[in-house]
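These notes concern the structure reproduced below.
Chains as they are written, first to last, in the numbering used here: chain A, 147 to 373; chain B, 7 to 96.
Here it is as structure tokens:
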């Protein structure tokens, strides 16, 4: 039996199907989860995919954060269940305060859509174990609210605890403080990032590389190994 | 019915590129002498019943948990004079 990985669909989610596919490509079972349903269907991990949930009204992720499914996700994440937030999912995770900081409009005010080079800073998370620390990957980035901000004390804490999980390389695409593209919680089970690993899991599409597949193979090994 | 207004602004130390874009457009449009613009959000809440201490406490809680993200934003709660459609007297 393989691991069951839930993929949440909110109204306005765009990347749930690609995420489900990435989960299957890695060899796990993708379980669709609905925003109004508190039932997590006994999944072993959850991915909050990208998109514009609730039209980004109020703030990106602000309304999704209070949806019924998130009550269960927050409870389970605090109990150690692995959760990955990609793009809008990362925004939801900062709104829940499972991850510190917040996401704001890109400093140049433009929507970005391109391949982005990143450095994986840590493999001590449930979602990055298959990467080498310092490994450089290239995966798509597409957003307008991608600027990561937090106060200096929080940023220093993240750096000191090795919780900056991904950093932008070559160019800072949105004004994110300290080039931060993604972070992890202290336990390493909750990870969020703005770029999209789920769009880079097969050589035929996207970057032509499979640099994003490691997220999904990492979690599969983590879950299957834990049994 | 009474109206309570919640103003939400980015904290002063947070970069506001939208406000900056507005400010930069002003001279071109013939508006001189504005050195800075910050853009925020205003919520107008129509409250059923009296706006007493308990109601304001709930609105404060609403602002703190939902209308504003206090990681990046500050908010102010203000009670506005009622504009009654039927000639309210205050």
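Ideal Cβ positions, reconstructed from N, Cα and C, are used throughout, including at glycine.
Closest residue to residue 336 of chain A among A:169, A:191 and A:183 (Cα-Cα distance): That would be A:191, whose Cα lies nearest to the Cα of residue 336 of chain A.
Interfacial residues, the region 314-339 of chain A to chain B, with Cβ spacing under 9 angstroms: Per Cβ criterion, the list reads 321.
Classification of residue 227 of chain A by the beta-carbon crowding that lies within 10 angstroms, buried from 16 upward: Label assigned to residue 227 of chain A: buried.
Buried or exposed by the 16-neighbour rule on C-beta atoms within 10 Å, applied to residue 317 of chain A: Taking every protein chain shown into account, the CB of residue 317 of chain A has fewer than 16 other CB atoms within 10 angstroms, so this residue is exposed.
Bridge partners - residue 51 of chain B, DSSP secondary structure assignment: Its beta-bridge partners are B:10.
Beta-carbon spacing of residue 176 of chain A, residue 291 of chain A below 9 angstroms: Taking 9 angstroms as the Cβ cut-off, residue 176 of chain A and residue 291 of chain A do not qualify as a contacting pair.
Cα-Cα separation, residue 236 of chain A to residue 269 of chain A: So the two alpha carbons sit approximately 18 angstroms from each other.
Assigned secondary structure, residue 249 of chain A (DSSP; H/G/I helix, E/B strand, else coil): Residue 249 of chain A falls in the strand class under three-state DSSP.
Whole-number beta carbon distance between residue 330 of chain A and residue 311 of chain A, since they are thought to touch under 8 angstroms: In this structure residue 311 of chain A is in contact with residue 330 of chain A, their Cβ atoms being roughly 5 angstroms apart against a cut-off of 8 angstroms.
Nearest candidate by alpha-carbon position, reference residue 289 of chain A, set A:160, A:309 and A:154: Checked all of A:160, A:309 and A:154; the closest Cα to residue 289 of chain A is A:160.
Sequence-distant residues of the same chain with beta carbon closer than 7 angstroms to residue 71 of chain B, five excluded per side: Excluding sequence neighbours, residue 71 of chain B sits near nothing in its chain.
Option in A:194, A:233, A:202 and A:278 with minimal Cα separation from residue 215 of chain A: Looking at the Cα atoms, A:194 is the closest of the given residues.
Per-residue DSSP class, three states only, for residue 200 of chain A: Shown here, residue 200 of chain A sits in a helix according to DSSP, grouped into three states.
Chain-ordered neighbours of residue 43 of chain B on chain A, where CB pairs are closer than 9 angstroms: Under the 9 angstroms cutoff, chain A gives no residues; its nearest Cβ is about 14 angstroms from residue 43 of chain B.
C-alpha gap between residue 150 of chain A and residue 57 of chain B, whole angstroms: The straight-line gap from Cα to Cα measures roughly 49 angstroms.
Proximal residues, the region 198-229 of chain A versus chain B, C-beta separation under 8 angstroms: Answer in chain order: 204, 205, 208 and 212.
Neighbour flag for residue 18 of chain B against chain A, beta carbons, 9 angstroms: No, no contact with chain A.
Buried versus exposed call for residue 196 of chain A [16 or more other C-beta atoms within 10 Å across all chains shown]: Here residue 196 of chain A is buried: its Cβ has 16 or more other Cβ atoms, across all protein chains shown, within 10 Å.
Interface residues of chain A facing residue 11 of chain B [CB-CB closer than 8 angstroms]: Result: empty, since nearest Cβ-Cβ is about 16 angstroms, beyond 8 angstroms.
As assigned by DSSP and simplified to three states, the class of residue 94 of chain B: For residue 94 of chain B, the predicted model reports a pLDDT of 39, less than 50, meaning its position is unreliable; a value from the coordinates is still stated below. Collapsing the DSSP output to three states places residue 94 of chain B in coil.
Interface residues of chain B facing residue 253 of chain A [CB-CB closer than 8 angstroms]: In chain order: 21 and 23.
C-beta contact flag for residue 223 of chain A and residue 364 of chain A at 9 angstroms: It is not a contact, given that the beta carbons lie outside the stated cut-off.
Residue(s) in a DSSP beta bridge with residue 227 of chain A: In the DSSP assignment, residue 227 of chain A forms no beta bridge with any residue.
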